[in-house]
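A.B. asks: Residue numbers (our numbering): 334 to 424.
One structure follows; several queries about it will come next.
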């Protein structure tokens with residue numbers, strides 16, 4: 334299952350978006366929808382997906398404004414406040 338909410342602004346196709354990818358312990362579709370909705374509300378203009386079919390329950394947050402770094406620390410704090418484990422994945 335892939336939960337997705339897209340931002341309201343469309344990104345310029347010539348720019349590269351900032352993307353943060355995290356491993357989580359989100360287990361259900363209901364939890365995924367809550368997480369996606371809350372991150373979308375706290376990080377304006379981003380696209381958020383959470384892949385429950387992936388063994389790492391991948392959370393992907395993409396900045397659609399391209400003008401500022403993603404607030405990864407705020408995303409980690411929000412997930413922690415919701416009771417979820419989260420670990421940033423790097424290349």
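Just so it is clear, CB atoms sit at the ideal spot from N, CA and C, and this is done for glycine as well.
Between 355, 374, 413, which lies nearest to residue 383 when the distance is taken from Cα to Cα?
C.D. replies: Of the candidates 355, 374, 413, the one whose C-alpha sits nearest the C-alpha of residue 383 is 355.
A.B. asks: Alpha carbon to alpha carbon, how far is residue 391 from residue 381?
C.D. replies: Residue 391 and residue 381: Cα-Cα distance of roughly 11 Å.
A.B. asks: The alpha helix (DSSP H) spanning residue 390 covers which residue range?
C.D. replies: Element bounds for residue 390: n/a, residue is neither H nor E.
A.B. asks: Got a sec, what are the start and stop residues for the alpha helix (DSSP H) residue 422 sits in?
C.D. replies: Looking at the DSSP string, residue 422 is not in any alpha helix (DSSP H); the run it does join, the beta strand (DSSP E), is 419–422.
A.B. asks: Can you tell me where the alpha helix (DSSP H) with residue 371 in it begins and where it stops?
C.D. replies: 362–375 is the extent of the alpha helix (DSSP H) around residue 371.
A.B. asks: According to DSSP, is residue 411 helix, strand or coil?
C.D. replies: Helix, per DSSP.
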